[in-house]
Amino acid sequence: MPMPLPRIFRLNRRQGRPRKLALLLAVAGIAAVSAYFHDPLLCAAGTLLAAALGYYLAFRPGGILPDAAIATDICDSFEKHPDGLMILDQDDRLRYCNNRAREIYAGVADIMVPGIGMHELIDQAAERHGRGADRETLETARRAHHEFLDRPEGRMDLTTTDGLTIQWSTRRLGNGGRILLFHDVTQARAHAAALEESRARGDQLHEQLVEAIESFPDGFALFDRDDRFVLCNRKFKREHASLAPLLTPGTQRSEILRHSKFESERRLWRQLAAANRKDEPIAVPARAPFVEQTVDGRWFSMNEFRSGNGIVAVLESDVTDSKRQTDELAGQTALLQAVFDSVDQAFAVSDKELRLAGWNPKYQELLELPDSLLRIGTPLTEIFRWLAARRLEDQSRIEPELQRFRLRLRHGKAHRSDFKMPGGRSIRAQQTPLPDGGFVFSYLDVTEQRREADLLRESEVRYRQMVENSPDAILLHDDGRIVYANRATISMVAASDPAEVVGHHIFEFFQEEERDKLAERSRLVEIKLDSKPMVLHDFRLVKVDGAFFNAEIEATRVHFTDQPLTQVVVRDITERKSYEDTLRAAKEQAELANRTKNEFLANMSHELRTPLNAIIGFSQIIQGQMFGPVGSAKYLEYADDIYESGSHLLSLINDILDLSKAESGKQELREATVDVGNAVGGCFRLVKERAAEGGVTLNNKLAADFPRLYADERLIRQVLINLLTNAIKFTPAGGNVDVVGTILGDGTMSIAVVDSGIGIAEKDIPRALSAFTQIDSSFNRKYEGTGLGLPLSRRLVELHRGTLTIESTVGIGTTVAMLFPSERVRSRIAA
1 MPMPLPRIFR
11 LNRRQGRPRK
21 LALLLAVAGI
31 AAVSAYFHDP
41 LLCAAGTLLA
51 AALGYYLAFR
61 PGGILPDAAI
71 ATDICDSFEK
81 HPDGLMILDQ
91 DDRLRYCNNR
101 AREIYAGVAD
111 IMVPGIGMHE
121 LIDQAAERHG
131 RGADRETLET
141 ARRAHHEFLD
151 RPEGRMDLTT
161 TDGLTIQWST
171 RRLGNGGRIL
181 LFHDVTQARA
191 HAAALEESRA
201 RGDQLHEQLV
211 EAIESFPDGF
221 ALFDRDDRFV
231 LCNRKFKREH
241 ASLAPLLTPG
251 TQRSEILRHS
261 KFESERRLWR
271 QLAAANRKDE
281 PIAVPARAPF
291 VEQTVDGRWF
301 SMNEFRSGNG
311 IVAVLESDVT
321 DSKRQTDELA
331 GQTALLQAVF
341 DSVDQAFAVS
351 DKELRLAGWN
361 PKYQELLELP
371 DSLLRIGTPL
381 TEIFRWLAAR
391 RLEDQSRIEP
401 ELQRFRLRLR
411 HGKAHRSDFK
421 MPGGRSIRAQ
431 QTPLPDGGFV
441 FSYLDVTEQR
451 READLLRESE
461 VRYRQMVENS
471 PDAILLHDDG
481 RIVYANRATI
491 SMVAASDPAE
501 VVGHHIFEFF
511 QEEERDKLAE
521 RSRLVEIKLD
531 SKPMVLHDFR
541 LVKVDGAFFN
551 AEIEATRVHF
561 TDQPLTQVVV
571 RDITERKSYE
581 DTLRAAKEQA
591 ELANRTKNEF
601 LANMSHELRT
611 PLNAIIGFSQ
621 IIQGQMFGPV
631 GSAKYLEYAD
641 DIYESGSHLL
651 SLINDILDLS
661 KAESGKQELR
671 EATVDVGNAV
681 GGCFRLVKER
691 AAEGGVTLNN
701 KLAADFPRLY
711 ADERLIRQVL
721 INLLTNAIKF
731 TPAGGNVDVV
741 GTILGDGTMS
751 IAVVDSGIGI
761 AEKDIPRALS
771 AFTQIDSSFN
781 RKYEGTGLGL
791 PLSRRLVELH
801 RGTLTIESTV
811 GIGTTVAMLF
821 PSERVRSRIA
831 A
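Be aware that the sequence shown starts at 1, since it is given in the working numbering, and climbs by one per residue.
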């Protein structure tokens, strides 16, 4: 039964007051309490509190007293309200509670009677519900209830012992008592927790989605159903850095296409803009995937995915490497196909069902196959049957051959065979299995190879005959073990039977004491096939009887009866070596004699020049009549003859001395930068009188800016004088002698003396360059000279690492050129 109203709600008929005033106070109380709690969930509870407060104010001493009907209405409202209600006095003892409060705290409903203390009620509830429960949890809940009661006002969520979440709200009344409201928020808190968990899962899902999008190796962008930008990953932003201001939520996709780095997207925008007659957002239609190259040379693949509700996801991939690999693969495939079609070998490919899958033109040409058989999917057995019918005269052999062919295919192994076509051509067939179960068949025309093999066998027979009859010792060895030796070998090592040689190791016939040549001997067994012959000189070999002989060995890797062997040819050079020793001794004697001659000439030249200088000097005194006139003019004529003869002899001696120095290596170079033009001019001044006497014109044709030469100027002038003197001497009156300078393509400097004289026969040029040799060697020769000018000049040019060349035509003239290497050439600026 409902608890009776507190005494303050009992009617006092003696204090009658107007009902309207009481209701007004109640409504005012409702408004005040509702404004106080500020919680929509507690508005209903606030209404009850406001009504109670209104009645309290009405029935306080001297207040307004409602009639019994109003009190009954209020009590009914309290009992029917979904929230629990308690009214406590100033000592927190219970004065009133409704049925809902007793339901919430059903465990102590029997003691919820007016006058019981609220703290006692809490302890009793803890005691009754705590049997077998977690004492620590129960104690925590009890303390929380007591602490809440100690507060003057407020609200708090408290958990009951049976797991309900109750929101307690309290408010102190003017007389010191308080009102307690109990609102069951268990479901509300569960819904709130579920909502919060759902929101957390949503946030987590959003973070995971963003993380997944950012982890894409490709660019990703998302647009909503209205073609407005939603989001993109960093990869997309980097690739479209110029679009950064547009990559914000809400931007129309058409604007992004308008400024895209892809020409196809900009072209699509222009088309859509031209077709858009109204000033409204441009809808972008669905597009097929495409690949496009940007201005920086990279290739991108664009794919668009649309969901059922119109959401658009764009995936942009950098496929530059893949595109390059694809292009390379396509090029390689085309190249392989071109090679496949152009090779001189026939090819055919079958699938795992042993049906024809491909072939090249040579396949049909070589096997003379009809067009009716060359179809994709033709069974290989049909082709084999047709070939067998053509090449086999005995038709009864076709089926056995076909059965063997099927068996080879079934086993899936490689196979090679040769057969002949009706025209006599020899064909080599090769069957190679593929990993997927198919086969590659190759056919090669080996007619010529067969013919060459037959010729090779014939050649081997002839070779064996030739080797057997060769005067040289010829043997074949396999890894050092002798497998063949001809008759000359048996004779050379003084063997009485081939068994004394064949089967033995080749090293057994080398002299054991030659330890320093053992490494070179081992090369006899390491020589590579098809390499150049290896020649080993001056080996001492030992015969069967122990005697030694000198030998020269030549080793070559050869094919013999289809086996690679090493062929060794041995020649006895004992006599030749003795002859070479004799020649060597003779050469050394000749070189000694030449050195002796040079030393003699050098010494004699010095001995002769001293008295000769005196003779020349005295003849000059007589010519000049320095000590008085000569009595007879004939003496002056004799003095002139003495001077000319002495000068000529001195010149000859000087040439001999210079040549001797040059050949003995005692000639020292004093090198400096030489102005070639000045040197030629100086030489012209020395020989101009002789040229004038002979009626020969001298021409210096060197350019004014002709480069300079790093050389010994004295020796260069000596060579020039020798060449000019020879040219003047052999050029008839009216002829020309020119000096021409040229820089050749490799930087070589050429200084040439060109004359229009009598010339030299080509066969006489070597003689002209030999010392003490005259081309005109008769007793009544026309031209004087010792024959030392050209040899000496060549030697002096060679001391400068140069070359002296002669080109001449009889009756036309001669060109003698000095060629100096480029490292001796100095430009005039550098000089």
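Just so it is clear, CB atoms sit at the ideal spot from N, CA and C, and this is done for glycine as well.
Through-space distance from residue j to residue i, alpha-carbon basis
i      : j      : result
GLU689 : VAL816 : 22 Å
LEU819 : GLY695 : 29 Å
GLN345 : SER442 : 7 Å
LEU583 : LEU592 : 14 Å
ARG828 : TYR579 : 57 Å
ALA590 : PHE600 : 15 Å
GLN449 : ARG481 : 31 Å
ALA833 : ILE311 : In the structure as shown, the chain starts at 1 and stops at 831, and residue 833 therefore has no counterpart that could be examined.
VAL825 : ASN726 : 26 Å
LEU366 : PRO422 : 12 Å
THR809 : ARG767 : 15 Å
GLN124 : GLN208 : 51 Å
VAL210 : ARG287 : 25 Å
GLY745 : GLU713 : 25 Å
Nearest to residue i (by Cα), restricted to the options the options
i      : options                           : result
PRO707 : ALA679, PHE684, PHE730 and GLN124 : ALA679
GLN623 : GLU637, SER317 and VAL535         : GLU637
SER619 : GLY628, ALA639, PRO629 and PHE600 : ALA639
LEU832 : ARG172, ARG171, LEU173 and HIS183 : The chain is shown only over 1 to 831; residue 832 falls outside these bounds and no answer can be derived.
ASP289 : VAL295, ASN303 and VAL343         : The residue asked about is misnamed: residue 289 is Pro in this sequence, not Asp. Selected option, being the one with the closest Cα: ASN303.
ALA703 : VAL739, LYS729 and ILE716         : VAL739
MET112 : ARG93, GLU147 and ARG410          : ARG93
PHE236 : PRO611, LYS763 and THR248         : THR248
GLY107 : SER260, ALA126 and PRO152         : ALA126
ASP224 : ARG404, ASP675 and ARG253         : ARG253
ARG464 : PHE560, PHE510 and LEU612         : PHE560
ASN98  : ILE213, GLY115, MET492 and LYS80  : LYS80
SER770 : ARG795, ILE166 and ASP746         : ARG795
ALA473 : ALA555, GLU452, GLN511 and ARG428 : ALA555
ARG410 : GLY437, ARG425 and ILE721         : GLY437
ILE166 : ARG408, ARG298 and ALA141         : ALA141
ALA348 : TYR363, ASP341 and GLU263         : TYR363
ASP150 : MET118, LEU272 and PHE229         : MET118
MET156 : LEU180, LEU173 and LEU138         : LEU180
PRO611 : LEU649, SER350, GLU588 and PRO629 : LEU649
Helix, strand or coil at residue i [DSSP, three-state]
i      : result
ALA473 : strand
ALA273 : helix
HIS206 : helix
GLN345 : coil
ASP327 : helix
LEU180 : strand
ARG795 : helix
GLU671 : coil
SER417 : strand
ALA32  : Confidence at ALA32 is low in this model, with a pLDDT of 46, below 50, so its placement is unreliable and the value that follows should be read with caution. If DSSP states are grouped into helix, strand and coil, ALA32 belongs with the helices.
MET118 : helix
TYR105 : coil
Start and end residues, beta strand (DSSP E) containing residue i
i      : result
PRO821 : Run containing PRO821: none; DSSP gives neither H nor E here.
LEU456 : Premise fails: LEU456 lies in the alpha helix (DSSP H), 447 to 468, not in any beta strand (DSSP E).
ASP738 : 736 to 743
ARG146 : Here residue 146 turns out to be His, not Arg, going by the sequence shown. HIS146 -> not in any beta strand (DSSP E); alpha helix (DSSP H) instead, spanning 135 to 149.
GLN567 : 563 to 572
The alpha helix (DSSP H) enclosing residue i, as first and last residue numbers
i      : result
PRO766 : 765 to 768
ASN678 : 676 to 694
THR160 : Segment: none, THR160 is in no alpha helix (DSSP H) and carries neither H nor E.
GLU382 : 380 to 391
Spell out a yes or no on whether the segment 485 to 497 and the segment 450 to 459 are touching, meaning 3 or more CB-CB pairs, one atom from each, closer than 8 Å. No contact exists between the segment 485 to 497 and the segment 450 to 459.
Are there three or more Cβ pairs, one per stretch, closer than 8 Å when the segment 756 to 763 is compared with the segment 800 to 808? yes
Just checking, does the segment 210 to 220 make contact with the segment 314 to 321 on the three C-beta pairs under 8 Å criterion? yes
Assess contact between the segment 398 to 405 and the segment 357 to 377, defined as three or more Cβ pairs (one per stretch) separated by less than 8 Å. Is contact present? no
Please determine if the segment 319 to 326 and the segment 412 to 426 are in contact, where contact requires at least 3 C-beta pairs separated by less than 8 Å. No, the segment 319 to 326 does not touch the segment 412 to 426.
Say whether the segment 327 to 343 touches the segment 423 to 431, bearing in mind that this needs 3 or more beta-carbon pairs closer than 8 Å, one atom from each stretch. Contact between the segment 327 to 343 and the segment 423 to 431 is absent, because fewer than three Cβ pairs lie under 8 Å.
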